[in-house]
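Colleague:
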Amino acid sequence: MNRKVLLIGLGICLPVLLVLGFGFRHDPQIVESPLIGQPAPSFRLADLDGNIVDLEELRGTPVVINFWATYCVPCWVEHPLLMEGARRWRGEIHFLGVIFQDEPGLIAQFNTENGTWGPSLIDEGGRVAIAYGVYGPPETFFIDRDGTIVDKAIGAVSPQQLLDVANRLLAQPAEATG
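With this note's numbering applied, the sequence shown has no gaps in its numbers, which climb one by one up to 811 at the end.
1. Which residues bound the alpha helix (DSSP H) around V731?
2. How big is the Cα-Cα spacing for S791 and G683?
3. Within 10 angstroms of the Cβ of G780, are there 16 or more other Cβ atoms? Answer buried if so, exposed if not.
4. Compare the beta carbon distance of Y765 and P674 with 8 Å and say whether it is the shorter of the two.
5. Give me the residue from E711, P695, I732, V798 with the minimum Cα distance to L678.
6. Roughly how many angstroms lie between the CA atoms of L688 and L729, to the nearest whole one?
7. Can you name, in chain order, every residue of its own chain whose Cβ lies under 7 Å from the Cβ of N747, other than the five neighbours on each side?
8. Do I740 and Q773 come within 8 Å of each other at the CB atom, strictly closer than that value?
9. Taking the C-alpha atoms as reference points, what is the distance between P770 and F700?
10. Using the Cβ count rule (16 or more neighbours within 10 Å means buried), how would you classify R636?
11. Please work out which residues of its chain come closer than 6 Å, Cβ to Cβ, to L691, disregarding the five sequence neighbours upstream and downstream, and give them in chain order.
12. CA-CA distance, F743 and G644?
13. Measure the Cβ-Cβ separation of A789 and P707 and say whether it is below 8 Å.
14. Just to confirm before moving on: does the CB-CB distance between A807 and R760 stay below 8 Å?
15. Restricting to runs no shorter than 4 residues, where is the alpha helix (DSSP H) found entirely within the segment 738-794?
16. Measuring CB to CB, does L795 end up less than 8 Å from G718?
17. Beta strand (DSSP E) containing W701: first to last residue?
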């Protein structure tokens, strides 16, 4: 009798454990972006000083768009890396920050205290974040000269990913733009 109960229990538990085991291999928050390989959603946003940045006007130069906020600890962690990247590739790659559900005053204070790596753009109502499918900060999108999203980072972008993608973006011939 005990052997029969044990076999039935194993018959039930083993498949459940296998399903759970395979499920834990994947982070449910990481969803491959359907935007990779697609044209970047266009936008016109004001920065903290009221200057308008139009993504379409940046066509012909690679763009790094980082959705960030002051309440986001990984955003603080990646901030020096983005500053270094913006300095290193000044004039070759545009770095744009899109404020994600944060107060412009807090962003301005953060930039004053920690420096800035590009304009901080105010996304009223989160329209741009929605268009890009942003789940939460930080998320970084890499856009080539033609305006196509070629890669995305969820969480703090790593130095290696920034270097690899920047090199790929810069390797694209300028005459390929249309």
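Yeah, the Cβ is synthetic: ideal placement off N, Cα and C, and Gly gets one too.
This structure is a prediction, so every number in the text was calculated from the model and none was measured.
Modeller: In brief:
1. No alpha helix (DSSP H) holds V731; the beta strand (DSSP E) holding it covers 727-732.
2. 31 Å
3. buried
4. yes
5. I732
6. 10 Å
7. H712
8. It should be noted that the sequence gives Thr, not Gln, for residue 773. The answer is no: Cβ separation not under 8 Å.
9. 6 Å
10. exposed
11. H727
12. 57 Å
13. yes
14. no
15. 760-765
16. yes
17. 696-701
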